[in-house]
Structures are given as structure tokens and as C-alpha cells.
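These notes are about the structure you will find just below.
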DNA sequence: CAGTTTGTTCAAATTTTCTTGAACACTCGT
DNA sequence: ACGAGTGTTCAAGAAAATTTGAACAAACTG
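Protein chains in written order, with this note's numbering: chain A, 956 to 1146; chain B, 956 to 1146.
Below, the structure is given as C-alpha cells:
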């Protein structure tokens, strides 16, 4: 019976020569995606598909990355929902084949549109709520309390201005238009 | 003995009227920060300090957010490392006081500089390694294998170009200069 | 229609991350 | 130097997430 080490060696031997390069790229993308708030396997799977000239099956993917078929199924489904991967089929084959959406720019845009924009909008809303709340109680107060609330009001309106500026920037990004980061800078200066 | 609900009510009653607004804003920022890969408490604590006209002590912070003193200490220390919060002291007081860095733009820039830029650089390096690896094995092959490796080479060089374009964009952002997202778009078109 | 093959869902198990209270360390005033 | 008041570190416990194998479901074949 072969030892575990020997088995591992066999595995290495049976891999195509370019497997190593493929895995390094996949890992790099996995780290990027994980950092960006996605499952790491989404980045890894997408990269394998992106580097492959042919669509691949779940079996090939799970073999390449040594993932269970359920992990592959889960992450692929999410990639499909994000439009990062498409299913295709081949005449005479019953399996599903997957291929990567190859325009990274398109994908970036979609994520900013669906996810980041939403996040910012929620923040804008929350800051707005907080401001309303302050306005409601502010009038009842005097003295120290009043000064305190006035300070909060100024700061909150800066946060609101900043987040609205952020929203505009993301919109511009999505539209592929020029962005001026100085807009953020000035959003918190005006008073 | 008061019930738990009654205790909670007492607590509510003893809070200043603006506490609710403060907490809403803090929570919104906590969500943003958590999404952005930081501890959620960092966003919450920073916001409380940002809204306060006076520097605050750890005791006040832990009371406001109902956090253990160790949680406060941990997150504050990290905020200090990021330059998002500064310690100050008052004559005659032994406690540490904390105040928020109030320029959000400065903070954004620092994070992009220290963290995102680094992340992209690591990815660029990894893609570069993968390319070298491919070049090393590519020459030994022929036929199908050769075609396969050529395809990978094209795709990898696109990933490299994209990540280098990303690095340039982040640099521009940090410098506060205009950014053209179309640079990303064109980075993956040229072949 | 029975039997395969393939894909998805689910709950349990594992791993990772977060939170906390207690122990430790440090500083200052007496 | 001692003791009170602060702040930090650490290990244990709690919570959250990821991962997996197995059960289930769906689609096709003969």
C-alpha cells in the first residue's frame, strides 16, 4: 500500500504541467475575492474557468481544486447569480458545463451596482433618520444639551454629505465616467 | 426586585434624548466598516467619538455601546493604529481620553494606501509568478497542450494588465487626482 | 417505468472569528 | 513602597461561518 506521501507524489505527477500556474492565479483571485467580501471559492472557481479555453463540468472543477461537489455547486450557483459564470450544454452530454464571463469590467460594474450602491444607500438613509431624530428632540433643549445637539447636527450633516458624495462617485464609476476624488474631500469641508 | 424589562426601561429613561440618534449613526457606520473588512466596533466607536464635542474615556464609550472594557480597548487600539482616533489627556485626570480624527477623506486615503494597495500588489506579483511558471513549461509542449497553454497565457496577461490598471487607479485616488474607470475597461481589451 | 446519472439542499461537524472576564501590568499619589 | 485606579493581554467560551456527506430531487436512458 502506498504511503500518503507517495500518493501525493502520484497526484503531482498526474497533473498537467500548467496546473501549478493555474492554481497560483486562482489563489490570488481567491484572496482578492475573499477580501472583497465574497466566498473565496468563488474567486478560485471563476479563475479556473476563465483560464480554460473550454467550458468545464463541476466534476472537473471539484477535481482541480479538491472541493466537495456541494461546495462547487454552492459557489457556482452564486457565481451564476452574479453573472460571473454561465451554464452551457453540449449535444449528447447530460452534464452542465460552465464558462466564465470574461469581461472583468462588466463584473465589477455589476457588483458596484447591486451591492455597494445599496450599502451606501442604506447608510444615507440611516444618517438621515438620525438627523430627523435629532431635529425632533433638539428644539426641546437648552443650554449645554442644546450645544451638544448642535454639534452632533453639524457632524451628522457632514456624514450625510460624505455618503451622498460617495454615492455619486459610485454612480459615475458604474457609468464609466471620470471620477474626481476631490469631491469627497470637498463634501466634508463645506459648512 | 425589578424585572428585566423594567430595568431596560430604567436604562432607556436615563439616556439623553439624543442617544438614539447617536446609536443609529454609529450602527450605520459599523455596518459600513464591517463590510469594508474592519471590525464592526471600530466603526461604532469612531462614530461616537466623531459626534462628541469632547474627547471621551473608555468608560464612557463602553457604557454608551454596552461593550466590555476589553472590547473597547482592543478596537480603540486598532483605531489608533489606523490614525482614526487619537489619545489625549487632561491636566489632573489620569484616564486616557480619545478623540476622533475628523477628516474622513484623510482616513480613506490612509486605508487605500496601507491596505488596498498592498493587496493589489500581492495579486500582481502572484499573477506574474503564474506567468513565469507558464513560460517555463510552455516551450516543452506541442499540439493540444501547447494551444491550451497559449490560451492561459493570453488570459493571464489580461489579469495582469487589469490588476496593474487597478493599482494605477488606487494611486490616483490616494493622490486625489482624477480617475478614469475606462482605463480598466481598456486594460482588458488590448491584446 | 425502473434504473442511472447529475445537481441541489440540508443538517451536522468543523473551523474560524468574536467576546468576555479575569489576571496581569503600569502609573501615580500618598 | 504601597494601594487605588487604569489599561492591556490572554485563554476560555460563545457565536458565526464554512465545509461536508448524505439524503433528496430532477432529468434522462434504455
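Just so it is clear, CB atoms sit at the ideal spot from N, CA and C, and this is done for glycine as well.
Taking DSSP's pairing of strands, which residues face residue 1054/B in a bridge? 1041/B
Run through DSSP, which three-state label would residue 988/B get? helix
What are the start and end residues of each continuous beta strand (DSSP E) run of 3 or more residues lying completely inside the stretch 1001-1048 of chain A, in chain order? 1040-1043
Could you name the residues of the same chain whose beta carbon sits closer than 7 angstroms to that of residue 1068/A, not counting the 5 residues immediately before and after it, in chain order? 1129
Suppose you measure from the CA of residue 1025/A to the CA of residue 1085/B; what does that come to, to the nearest Å? 28 angstroms
Answer yes or no: do residue 1001/B and residue 1089/A have a C-beta to C-beta separation smaller than 8 angstroms? no
Which residues in the same chain have their Cβ closer than 8 angstroms to the Cβ of residue 1023/B, if we skip the five residues on either side of it in sequence? 1017
Where do the N-terminal and C-terminal ends of the alpha helix (DSSP H) with residue 1135/A fall, by residue? It is not in any alpha helix (DSSP H) - residue 1135/A carries neither H nor E in the DSSP assignment.
Can you tell me whether residue 973/B is helix, strand or coil according to DSSP? coil
Would you report the Cα separation of residue 998/B and residue 984/B, rounded to the nearest angstrom? 5 angstroms
Proximal residues of chain B, C-beta to C-beta of residue 1008/A below 7 angstroms: 1103 and 1106
Where the alpha helix (DSSP H) through residue 993/A begins and ends: First-last for residue 993/A: undefined, no H or E at that position.
Comparing the C-beta of residue 988/A with each C-beta of chain B, is any distance below 8 angstroms? no
Using 8 angstroms as the limit for Cβ to Cβ distance, is residue 1053/B near chain A? no
Let me know if residue 1107/B comes out buried or exposed under the rule of 16 or more other beta-carbons within 10 Å of its beta-carbon. buried
At a Cβ threshold of 8 angstroms, is residue 1122/A touching chain B? no
Any C-beta of chain B within less than 8 angstroms: which residues of the stretch 1060-1071 of chain A qualify? 1060 and 1063
Are at least three pairs of beta-carbons, each pair with one atom in the stretch 1128-1143 of chain A and one in the stretch 1029-1038 of chain B, less than 8 angstroms apart? no
Any beta carbon from chain A within less than 8 angstroms of residue 1082/B's own beta carbon? yes
Where are the alpha helix (DSSP H) runs, 4 residues long or more, that stay fully inside the stretch 1088-1112 of chain B, in chain order? none
Under a CB-based cut-off of 8 angstroms, is residue 1097/A close to chain B? no
Among 1048/A, 1065/A, 1095/A and 1020/A, whose alpha-carbon lies nearest the alpha-carbon of residue 1056/A? 1065/A
Using a Cβ distance threshold of 8 angstroms, determine whether the stretch 1108-1119 of chain B contacts the stretch 1115-1124 of chain A, with at least three qualifying pairs required. no
Proximal residues to residue 1034/A (C-beta, below 7 angstroms), its chain only, five neighbours per side dropped: 997, 1000, 1001 and 1040
For residue 971/B, does the count of other Cβ atoms within 10 angstroms reach 16, so buried, or fall short, so exposed? exposed
Just checking: is the beta-carbon of residue 1046/B within a distance shorter than 8 angstroms of some beta-carbon in chain A? no
What's the C-alpha gap between residue 1143/B and residue 1096/B? 27 angstroms
Determine the direct distance from the alpha carbon of residue 1042/A to that of residue 1075/B, and round the result to whole angstroms. 30 angstroms
Which listed residue (977/A, 976/A, 969/A and 982/A) has its alpha carbon closest to that of residue 1078/B: 982/A
Check whether the Cβ of residue 1135/A lies closer than 8 angstroms to any Cβ atom in chain B. yes
In angstroms, rounded to a whole number, what distance separates the CA positions of residue 1133/A and residue 1014/A? 43 angstroms
Residue nearest to residue 1121/B in terms of C-alpha spacing, selected from 1059/A, 1006/A, 1099/A and 975/A: 1059/A
Nearest by alpha-carbon distance to residue 1029/B: which of 1051/B, 994/B, 1050/B and 1062/B is it? 994/B
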